[in-house]
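Everything on this sheet refers to the single structure shown next.
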Amino acid sequence: MISLELYNYWVVIFLMMAGFYTLIVSNHLIKKIVGLNIFQTSVFMLYISMGKVAGGTAPIAAEGIETYSNPLPHVLILTAIVVGIATTSLALALVIRIKESYGTVQENEILELDHISDTGPQA
Amino acid sequence: MFAVTCLAILVVMGIALARAFIGPTVYDRILAVNMFGTKTVLFIAVYGFMTERPEFMDIALVYALINFVGVIAVLKFVERFPPPSASNDE
Amino acid sequence: MSSINLLIDIVLLTMLVFTTIAIVRSRSLFAIVMLSGIYSLLSANIFIILDAVDVAFTEAAVGAGISTVLMLATIGITGYEQKKRRTISWIAPMVVVVITGAVLVYGTLDMPAFTDPSAPIHQHVAPRYINDSPTEVGIPNMVTSVLASYRGYDTMGEVIVVFAAMIGVFSLIGIREKKSEPIHAEPPARPILQVMAKFMIPFIILFALYVQFHGDFGPGGGFQAGVIFSVAIILYTLTFSQQDAMKLVPPWVLKRLASIGVLIYGGTGVVSMLKGGNFLDYSVLAHDPIHGQHYGILIIEFGVGLTVACAMMLIFFAFISRGDKNP
Amino acid sequence: MTFIIDALSWVCLMMGCFLGISGAVGIFKFDEFYSRVHAASVTDTLCVFFIMAGLVLQSGFTLVSVKLIFAVVLLWLTSPVASHALIRSAYHTGLKPKLKTSRKESAKRGQS
Numbered sequence: 001m002i003s004l005e006l007y008n009y010w011v012v013i014f015l016m017m018a019g020f021y022t023l024i025v026s027n028h029l030i031k032k033i034v035g036l037n038i039f040q041t042s043v044f045m046l047y048i049s050m051g052k053v054a055g056g057t058a059p060i061a062a063e064g065i066e067t068y069s070n071p072l073p074h075v076l077i078l079t080a081i082v083v084g085i086a087t088t089s090l091a092l093a094l095v096i097r098i099k100e101s102y103g104t105v106q107e108n109e110i111l112e113l114d115h116i117s118d119t120g121p122q123a
Numbered sequence: 001m002f003a004v005t006c007l008a009i010l011v012v013m014g015i016a017l018a019r020a021f022i023g024p025t026v027y028d029r030i031l032a033v034n035m036f037g038t039k040t041v042l043f044i045a046v047y048g049f050m051t052e053r054p055e056f057m058d059i060a061l062v063y064a065l066i067n068f069v070g071v072i073a074v075l076k077f078v079e080r081f082p083p084p085s086a087s088n089d090e
Numbered sequence: 001m002s003s004i005n006l007l008i009d010i011v012l013l014t015m016l017v018f019t020t021i022a023i024v025r026s027r028s029l030f031a032i033v034m035l036s037g038i039y040s041l042l043s044a045n046i047f048i049i050l051d052a053v054d055v056a057f058t059e060a061a062v063g064a065g066i067s068t069v070l071m072l073a074t075i076g077i078t079g080y081e082q083k084k085r086r087t088i089s090w091i092a093p094m095v096v097v098v099i100t101g102a103v104l105v106y107g108t109l110d111m112p113a114f115t116d117p118s119a120p121i122h123q124h125v126a127p128r129y130i131n132d133s134p135t136e137v138g139i140p141n142m143v144t145s146v147l148a149s150y151r152g153y154d155t156m157g158e159v160i161v162v163f164a165a166m167i168g169v170f171s172l173i174g175i176r177e178k179k180s181e182p183i184h185a186e187p188p189a190r191p192i193l194q195v196m197a198k199f200m201i202p203f204i205i206l207f208a209l210y211v212q213f214h215g216d217f218g219p220g221g222g223f224q225a226g227v228i229f230s231v232a233i234i235l236y237t238l239t240f241s242q243q244d245a246m247k248l249v250p251p252w253v254l255k256r257l258a259s260i261g262v263l264i265y266g267g268t269g270v271v272s273m274l275k276g277g278n279f280l281d282y283s284v285l286a287h288d289p290i291h292g293q294h295y296g297i298l299i300i301e302f303g304v305g306l307t308v309a310c311a312m313m314l315i316f317f318a319f320i321s322r323g324d325k326n327p
Numbered sequence: 001m002t003f004i005i006d007a008l009s010w011v012c013l014m015m016g017c018f019l020g021i022s023g024a025v026g027i028f029k030f031d032e033f034y035s036r037v038h039a040a041s042v043t044d045t046l047c048v049f050f051i052m053a054g055l056v057l058q059s060g061f062t063l064v065s066v067k068l069i070f071a072v073v074l075l076w077l078t079s080p081v082a083s084h085a086l087i088r089s090a091y092h093t094g095l096k097p098k099l100k101t102s103r104k105e106s107a108k109r110g111q112s
């Protein structure tokens, strides 16, 4: 079991990097947001993994239970999830606005359109 | 006893996950997600008994409620905006 | 953590890894949204295994309900498929990502082992919360007492972030009143769904209220209850129509209620200051500090629930009204 | 007495596991969407019933049992409705069931 005692953290790093990779590589704005969400969830997972105590149980006091897991990461992540969905909705609203004014959500096409408007309309 | 049930549910989850990866139609994916949700409800219930703190059934109830809404939302959007791969992908 | 729990943990995390790979590789946005739903279910299971029942509760309500709905509404507007053409080569990002990951993995080698009770994180403030909160605040759910009492100022910030995000969504895409009928034909009426929804909605609302007021004793609280309540209205909107839903909960009422929720939170702090305590120190609200804490937590949780529910409903209305306009 | 209850709940849980796994095998092995839905939705309700029944037997007459029964009722209501809505919208958007495989087609499929 010694080799697996850091497994949680390695999975967290894998998820983080997968989200990071999606964020860099993908051309579609919605997929970028999905990548950002994966990144965010990996951070949640990191915090919650650190809060777990061996032999502990959920931090709700009950009779006959001595060891509880650490409640502080739970509090931080609970609010972070709700804030995460609020900010994600803001990002999605931005995507909708971009679609309405550019007609596309592909990053390269948006940049091309920006380039055209910067250098003036060309026939 | 609960551990065996937990592992069986995990096996079911794994197979549903495979179906969600394969597709091929969007409806297969929705089916897989629905099945995954139901099995999550069961998993949470059984896991609560396994760790001898079964009073957290509320989470399973939330899933039973929310999963339904999620599936209905997905179906509604698929009906409104039929994806190109809905019928010819099989 | 016994070995069977560890086994379940490892199996679920491995499933999560596979789901992530599938999300990264998939081109169909619809498949990505479906897989994100599974991703959220899996991560909620992992949260339960790691004892974070409140977090799993929130993830359950947010990930399976609101997040999927909002993603789908956006995809309905922007189109389902990604274009084939890659503009950036994948090699350079992959190298960057692999190097960063390797550095982080090297960093984990110095971390305390998973579930080690002597890790630094468990030494500083956590013992105070775990040992003293049931007597100081007087409610069994330590997460709620930390959330609403010890770190009440922090939570107030979070509520304001949700409120600000709602204002941001509104300044970007407001709710559009429908002027003309949508171009596409309405899908055929579906009696089974409508009957079922009528049956389910009261249950969901009742359950939201239970979660709201039972948050002191079990998993739950204002954030979760608000999201669950808004899911009830979302179900109503989906099975009937947006006009019906906006008649039921008019947006102008929701906007005011969302602001009132934040005001209730802040106002509780001001009242506790007027009564001679610190900002958000509930002990002065009643003669007995424990009672004061109890009242304070109930009131601010109500404010949180109100703001979150109204903000989520308004965001949903804004998204779906755009979707109808651009089929 | 406790032995009988334990044995009963053991039987219930195993029945539930069996049904769950057979449903999973169904959605994995069948080669057509409607048969997959059939496999999943038919086994689902009974699987939920058996597993929850096993848990109710363990927990006895408590609040937990009430919540478990609630969960069963909700799943029994929502799961068939979700399957119904799924099949309905699949059919309406033009995914036609393969009613019969002719010998030629099945031979072709066998080759490929």
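Protein chains in written order, with the UniProt record's numbering: chain A, 1 to 123; chain B, 1 to 90; chain C, 1 to 327; chain D, 1 to 112. Built from N, CA and C at the ideal position, the CB exists for glycine as well.
Subject >> Where residue 287(C) sits in the DSSP three-state scheme >> reply: coil
**OP:** Can you grab the Cα-Cα spacing for the pair residue 74(D) / residue 42(C), in whole Å?
**Re:** 21 angstroms
Original post:
So, are the CB atoms of residue 280(C) and residue 269(C) less than 8 angstroms apart?
Top reply: yes
Original post:
Out of 148(C), 288(C), 108(C), 162(C), which has the shortest C-alpha to C-alpha gap to residue 216(C)?
Top reply: 148(C)
Original post:
Do you know how far the Cα of residue 6(C) is from the Cα of residue 289(C)?
Top reply: 42 angstroms
Original post:
Can a CB atom of chain D be found closer than 8 angstroms to the CB of residue 181(C)?
Top reply: Residue placement at residue 181(C) cannot be trusted, given a pLDDT of 49 that sits under 50; what the coordinates show is reported in the next sentence. With 8 angstroms as the cut-off, residue 181(C) does not count as an interface residue toward chain D.
Original post:
So does residue 91(A) have its beta carbon nearer than 7 angstroms to some heavy atom of the ligand SAH?
Top reply: With respect to the ligand SAH, the structure offers nothing, as it holds no ligand at all.
Subject >> Partners in chain D for residue 49(B), counting only beta-carbon separations shorter than 7 angstroms >> reply: Under the 7 angstroms cutoff, chain D gives 55, 58.
Subject >> Rounded distance between the beta-carbons of residue 308(C) and residue 169(C), thought under 8 angstroms >> reply: In fact, because the Cβ distance is near 14 angstroms, the residues do not count as touching under 8 angstroms.
Subject >> Residue from 296(C), 285(C), 286(C), 231(C) with nearest C-alpha to residue 70(B) >> reply: 231(C)
Original post:
Is the shortest distance between the beta-carbon of residue 15(D) and the beta-carbons of chain B less than 8 angstroms?
Top reply: no
Original post:
Does DSSP put residue 80(C) in a helix, in a strand, or in coil?
Top reply: Of the three classes helix, strand and coil, the one that applies to residue 80(C) here is coil, per DSSP.
**OP:** Check whether the stretch 42 to 52 of chain D touches the stretch 8 to 22 of chain D, taking contact to mean three or more Cβ pairs, one atom from each stretch, closer than 8 angstroms.
**Re:** yes
**OP:** Reducing DSSP to helix, strand and coil, say where residue 106(A) ends up.
**Re:** strand
Original post:
Out of 41(A), 115(A), 71(A), 54(A), which has the shortest C-alpha to C-alpha gap to residue 117(C)?
Top reply: For the residues 41(A), 115(A), 71(A), 54(A), the minimum Cα distance to residue 117(C) belongs to 54(A).
**OP:** Report buried or exposed for residue 256(C), applying the criterion of at least 16 other Cβ atoms within 10 angstroms of its Cβ.
**Re:** exposed
**OP:** Count the other C-beta atoms from every protein chain shown that fall within 10 angstroms of the C-beta of residue 59(C), then say buried if there are 16 or more, exposed otherwise.
**Re:** buried
Subject >> Through-space distance from residue 142(C) to residue 221(C), alpha-carbon basis >> reply: 12 angstroms
**OP:** Mind listing the chain B neighbours of residue 1(D)? Cutoff is C-beta to C-beta under 8 angstroms, in chain order.
**Re:** Chain B residues near residue 1(D): none, gap ~17 angstroms exceeds 8 angstroms.
Original post:
Is the stretch 32 to 40 of chain A touching the stretch 15 to 34 of chain C, taking contact as three or more C-beta pairs under 8 angstroms?
Top reply: Contact holds: three or more Cβ-Cβ distances are below 8 angstroms.
Subject >> Buried versus exposed, by CB contacts within 10 Å (16 or more), residue 45(C) >> reply: Classification of residue 45(C): buried, given that the 10 Å Cβ count is 16 or more.
**OP:** Let me know the alpha helix (DSSP H) ranges lying completely inside the stretch 249 to 275 of chain C, each 4 residues or longer, listed in chain order.
**Re:** The DSSP assignment places 251 to 274 as complete runs of the alpha helix (DSSP H) inside the stretch 249 to 275 of chain C, in order along the chain (cut-off: 4 residues).
**OP:** Determine the DSSP secondary structure at residue 131(C), reduced to helix, strand or coil.
**Re:** Residue state, collapsed to three classes: helix.
Original post:
Shortest alpha-carbon distance to residue 22(B) belongs to which of 80(D), 81(D), 29(D), 84(D)?
Top reply: 29(D)
Original post:
Where does residue 65(A) fall in DSSP's three states?
Top reply: coil
**OP:** For residue 57(A), decide whether its Cβ has a neighbour in chain B, counting only Cβ atoms nearer than 8 angstroms.
**Re:** yes
Original post:
Are there 16 or more other CB atoms within 10 angstroms of the CB of residue 1(D), so buried, or fewer, so exposed?
Top reply: With fewer than 16 other Cβ atoms from the protein chains shown falling within 10 Å of its own Cβ, residue 1(D) counts as exposed.
Original post:
Going by the CB atoms, is the gap between residue 93(A) and residue 173(C) shorter than 8 angstroms?
Top reply: Yes, Cβ-Cβ distance for residue 173(C) and residue 93(A) is below 8 angstroms.
**OP:** Please say whether residue 78(D) and residue 68(B) have beta carbons closer to each other than 8 angstroms?
**Re:** yes
**OP:** Say whether chain B places a C-beta atom closer than 8 angstroms to the C-beta of residue 131(C).
**Re:** no
**OP:** Use the C-beta contact count for residue 294(C): other C-beta atoms within 10 angstroms, 16 or more gives buried, fewer gives exposed.
**Re:** buried
**OP:** Using the Cα positions of residue 180(C) and residue 116(A), report the straight-line distance between them to the nearest angstrom.
**Re:** Residue confidence for residue 180(C) is low, a pLDDT of 48 falling below 50, so the modelled location carries little weight; the figure read from the coordinates is stated next. Cα-Cα distance, rounded: 35 angstroms.
Original post:
When the Cα atoms are used, what is the spatial distance from residue 112(C) to residue 72(B)?
Top reply: Each residue's CA atom was taken as its position, placing residue 112(C) and residue 72(B) some 44 angstroms apart.
Original post:
For residue 185(C), which of helix, strand or coil comes out of DSSP?
Top reply: Confidence at residue 185(C) is low in this model, with a pLDDT of 47, below 50, so the placement of that residue should be treated as unreliable; the coordinate-derived value is given next. Coil.
Original post:
For residue 246(C), which residues of its own chain have a beta-carbon under 7 angstroms away from its beta-carbon, when the five flanking residues on both sides are left out?
Top reply: 317
**OP:** Please classify residue 44(D): is it buried, with 16 or more other beta-carbons within 10 angstroms of its beta-carbon, or exposed?
**Re:** The residue in question, residue 44(D), is buried, as its Cβ has 16 or more Cβ neighbours within 10 Å.
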